[in-house]
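Asker: Just so we're aligned, residue 2 is where the sequence shown starts under my numbering, counting upward by one.
Cβ coordinates follow ideal geometry from the N, Cα and C atoms, glycine included.
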Amino acid sequence: MLLAPLAKRLKDRIDQAMWQAHPWMMEGAHALDMQRTTFANWSRVDVRGAGVGVRGIHPDLIVGDDVLDDDNTLSSAQRTRMERW
2 MLLAPLAKRL KDRIDQAMWQ AHPWMMEGAH ALDMQRTTFA NWSRVDVRGA GVGVRGIHPD
62 LIVGDDVLDD DNTLSSAQRT RMERW
């Protein structure tokens with residue numbers, strides 16, 4: 002799966018903030034790559050690009066940034082599809 006450049010940058014910012022605020026969570030991390038960080042306490046951050054399926058994942062919190070653009074909001078059907086996603 003191709004990961005959007007913005008998703009990578011936001012994930013880097015999350016990791017940097019965690020290194021500063023709670024270095025023990027990063028030092029004991031169980032997974033650390035471009036798409037996922039699993040911290041020492043097994044909490045996890047995953048990043049995806051807009052419109053990417055995440056079957057089987059049941060997140061506690063979703064943060065979306067700039068998920069709408071001209072290509073996915075031109076028609077009512079496209080807007081409905083993005084809202085359901």
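Leaving aside the five residues before and after T39 along the sequence, list all residues of the same chain whose C-beta is less than 7 Å from its C-beta, in chain order.
Answerer: A30, H31, A32, R45
Asker: I believe V48 touches K12 by the beta-carbon criterion, under 8 Å. Please report the beta-carbon distance rounded to the nearest angstrom.
Answerer: Between K12 and V48 the Cβ distance is about 4 Å, and since that is below 8 Å, they are a contact.
Asker: Excluding five sequence neighbours on each side, which residues of the same chain lie with their C-beta closer than 7 Å to the C-beta of Q79?
Answerer: N73
Asker: Within the continuous alpha helix (DSSP H) that includes R82, where are the two ends?
Answerer: 77-85
Asker: Helix, strand or coil for L33 per DSSP?
Answerer: Three-state result, L33: strand.
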